[in-house]
Amino acid sequence: MSTTPHPPAAAPATTPTEERRSWLPMVGLFLAQVLMSFNVAALPVSLGGMVEDFGVPPTVASTTIVIYGVVVAGLVMTGAKLGQRVGWVTMFRVVVTTFAGSALLMILSPSIGWAIAGQALAGASAAIIVPALVALIAENYRGAQQATAVGSLGSARAISGVTAFFLGGALGTLVGWRPVFGVVLALAVAVLAFSFTLRSDRGDPDVRIDVVASVTIGAAVVLLTLGFNNLRAWGALRASAAAPFDLGGLSPAPVMVVLGVVLGQVFFWWTRRRTAAGRVPLVSLSVLARPSERAAVYAMFVVVALEAALNFTVPLYIQIVQGRTPFDTALAMMPFNLTVFVTATLVVRLYGRYPPRTIGVAGFALTTVALVWLSFVVTNNWETVPTVLGLVVFGVGQGALVTLVFNVLVSAAPRTLAGDVGSVRGTTQNLASAVGTALAGALLVTVLSVNVGRAVAEHVELPPSLVAQVDLDDVNFVSNDDLRAALARTDATPGQVEAAVAVNEQARLDTLRLGLLVLAGVSATAVLPASRLPRYRPDEIPDPSPAGDR
Numbered sequence: 351m352s353t354t355p356h357p358p359a360a361a362p363a364t365t366p367t368e369e370r371r372s373w374l375p376m377v378g379l380f381l382a383q384v385l386m387s388f389n390v391a392a393l394p395v396s397l398g399g400m401v402e403d404f405g406v407p408p409t410v411a412s413t414t415i416v417i418y419g420v421v422v423a424g425l426v427m428t429g430a431k432l433g434q435r436v437g438w439v440t441m442f443r444v445v446v447t448t449f450a451g452s453a454l455l456m457i458l459s460p461s462i463g464w465a466i467a468g469q470a471l472a473g474a475s476a477a478i479i480v481p482a483l484v485a486l487i488a489e490n491y492r493g494a495q496q497a498t499a500v501g502s503l504g505s506a507r508a509i510s511g512v513t514a515f516f517l518g519g520a521l522g523t524l525v526g527w528r529p530v531f532g533v534v535l536a537l538a539v540a541v542l543a544f545s546f547t548l549r550s551d552r553g554d555p556d557v558r559i560d561v562v563a564s565v566t567i568g569a570a571v572v573l574l575t576l577g578f579n580n581l582r583a584w585g586a587l588r589a590s591a592a593a594p595f596d597l598g599g600l601s602p603a604p605v606m607v608v609l610g611v612v613l614g615q616v617f618f619w620w621t622r623r624r625t626a627a628g629r630v631p632l633v634s635l636s637v638l639a640r641p642s643e644r645a646a647v648y649a650m651f652v653v654v655a656l657e658a659a660l661n662f663t664v665p666l667y668i669q670i671v672q673g674r675t676p677f678d679t680a681l682a683m684m685p686f687n688l689t690v691f692v693t694a695t696l697v698v699r700l701y702g703r704y705p706p707r708t709i710g711v712a713g714f715a716l717t718t719v720a721l722v723w724l725s726f727v728v729t730n731n732w733e734t735v736p737t738v739l740g741l742v743v744f745g746v747g748q749g750a751l752v753t754l755v756f757n758v759l760v761s762a763a764p765r766t767l768a769g770d771v772g773s774v775r776g777t778t779q780n781l782a783s784a785v786g787t788a789l790a791g792a793l794l795v796t797v798l799s800v801n802v803g804r805a806v807a808e809h810v811e812l813p814p815s816l817v818a819q820v821d822l823d824d825v826n827f828v829s830n831d832d833l834r835a836a837l838a839r840t841d842a843t844p845g846q847v848e849a850a851v852a853v854n855e856q857a858r859l860d861t862l863r864l865g866l867l868v869l870a871g872v873s874a875t876a877v878l879p880a881s882r883l884p885r886y887r888p889d890e891i892p893d894p895s896p897a898g899d900r
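One gets the working numbering by counting positions in the sequence shown from 1 and adding 350 to each.
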């Protein structure tokens, strides 16, 4: 398994009594991470194809990305308890099979609704796969082998991004977007076959699922994501015409966000109360007991949200705005994805030389500088040298962080809480992915609407009589060809059409630059928690005893 990073030099040597197992089970677990990551990475590449196939706006097609993250984040803690109750190996096989079913839904979907349902099923399956990976690694490997296995999951995410963008881009251009999910189906079948090499477990029927906590955290995640995702469409404060309902004129979107935050606090209160009463909680909050562990979770949220926002923004501009092929998208994203993969694989070699907080601060400093740089140098052509340089620098920071924060979180808890660590990781990553995509879409479309409105008012070539024929209340990202086709149905003169196209181009570019600056600000806020990451080596494997002070 050449993509698996080697243990860092400081990792403890394998002792003569340490059991060594075949790597075949880890191949299956590695491919399971590839399966989930490939599915997520394939969605942005397929954006243009779904928009064309189903005749929906890109923000609607991006719901497939959001729904996957929402379902995983909402169900992953419950999934962890199901795995403990039924047995990780049994549940792992069941949900890999349902993941294969979700790929079939994507391949055969006749409408965007079916595609969204396919990703909801994939998310429900991943809600158990995510904690299962950590638990099954802890069950099947020890010592240095376990360190290598944990590190390989970060590399699996990175290589999935490279493969999905390249292979998905090629298939999307030559055949169509649906065959991309044929690859997902093939991966699921391979993972299922390798699952029979895993060490079997019988589960614990005495494990009880805290239904109150399960419903509370699930509702909190759904409300937060729906609220953020619809801030633009339903209104950031006052309800728009598109809102499904209003609360005395107030938009439901901000209300959902507030309710989500409140329910999140209720979940933590209930969990502490249940733990104090000596009952088993849905997830043990001891995995977040220290400030350093909470800092790792916050850092993980930011780094995944930034990646999701960039993976939504670039395909949006290349496929929808520029009207280019998915393969062009793959080529444009290749410098970023390759850099993430290489860095995620090699960064473990720095663990013996630098503490995690040093690597974390450097990683977020790089992503911040790269995003600021991109906001100044980006044009409507993504293949310029300055743009590629910015994507590479961002990829170095992203690749270092994506492996670091996961290893820090895993090594902060005893092996007996492996499933809880996996569920916290899954909730954080998938909520961040959904929120990152939703906020990127809402931010870009809102800023675009403002920019277009201002530009139209400043251009005397576009009289009110013409503007009245175009619906500026529903501004979205369109290519120049689509804009010309829309204006052809009005009484616009050729000169007015070209003026409108020029306005559209400049408004889109200004929107992109401002969006990148906002992302840079988000990245900069993570430098402080990154400076609080623990000093211990992230490749240290926790023993079964309760974690002591470090």
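The C-beta atom is built at its ideal place from N, Cα and C for all residues, glycine as well.
As the structure is a prediction and not an experimental result, all values here were calculated from the model.
DSSP, reduced to helix, strand and coil, places R558 outside both helices and strands of the structure shown, so it counts as coil. Using a Cβ distance threshold of 8 Å, V742 and P665 do not count as a contacting pair. Minimum Cα-Cα distance from L503 among the listed residues T695, S873, P736, G786 corresponds to T695. In chain order, L656, F744, G747, Q748, S873 place their CB closer than 7 Å to the CB of T717, counting only its own chain and leaving out the 5 sequence neighbours on each side. Contact between the stretch 509-523 and the stretch 384-392 is present: 3 or more CB-CB pairs across the two stretches fall below 8 Å.
Annotation: the continuous alpha helix (DSSP H) that includes D860 extends over 844-875. Rounded to whole angstroms, the gap between the alpha carbons of V616 and V633 is 14 Å. The residue from T447, G424, Y704, I462 with its alpha-carbon nearest to that of M400 is I462. A direct Cα-Cα distance of roughly 15 Å separates P594 from F578.
DSSP places R549 in the coil class of the three-state scheme, outside both helix and strand. Excluding sequence positions up to five before and after L521, its CB lies within less than 7 Å of the CB of P529, V530, all in the same chain and listed in chain order. Annotation: the continuous alpha helix (DSSP H) that includes Y418 extends over 413-436.
Judged by DSSP in its simplified three-state form, L837 adopts helix. Residue environment analysis places V539 among the exposed positions, since fewer than 16 neighbouring C-beta atoms fall within 10 angstroms of its C-beta.
Membership of W619 in the alpha helix (DSSP H) is indicated by the continuous run 602-626. Ranked by how close their Cα comes to the Cα of N580, the residues S412, A857, R839 have S412 in first place. Between L425 and G568, the C-beta spacing is below 8 Å. The closest CA to that of G713, considering only Q846, P879, N661, is found on P879. Look at the stretch 674-729 and you find these whole runs of alpha helix (DSSP H), each 4 residues long or longer: 676-696, 706-727. When DSSP states are grouped into helix, strand and coil, R588 belongs to the strand group. Counting only residues of its own chain and dropping the five nearest sequence neighbours on each side, Q779 has a CB closer than 6 Å to the CB of V654.
In this model, L483 and L793 are separated by some 34 Å (Cα to Cα). Distance between P631 and I559, taken at the CA atoms: about 8 Å. CA-CA distance, N687 to V738, rounds to 11 Å. Spatial neighbours of T409 in its own chain (CB-CB distance under 6 Å, excluding positions within 5 residues in sequence) are listed in chain order as G791. Straight through space, the alpha carbons of L587 and V565 are spaced by roughly 27 Å. Counting C-beta atoms within 10 angstroms of its own C-beta, A835 has fewer than 16 neighbours from the protein chains shown and is therefore classed as exposed.
Using a Cβ distance threshold of 8 Å, A649 and A876 count as a contacting pair. Where L397 is concerned, the enclosing alpha helix (DSSP H) starts and stops at 397-404. Going by beta carbons, G378 and S545 fall inside the 8 Å limit.
Note on geometry: alpha-carbon atoms of L374 and V697 lie some 24 Å from one another. Secondary structure note for S475: its alpha helix (DSSP H) is the uninterrupted segment 462-490. In this structure the stretch 636-650 does not lie against the stretch 604-612, because fewer than three pairs of beta carbons, one per stretch, are closer than 8 Å. In this structure, G865 places its C-beta atom within 8 Å of the C-beta atom of T663. Within the same chain, Cβ atoms closer than 6 Å to the Cβ of Q469 are found at T414, I417, Y418, the five residues on either side in sequence being excluded. Pairing T440 with G553 gives a Cβ-Cβ distance under 8 Å.
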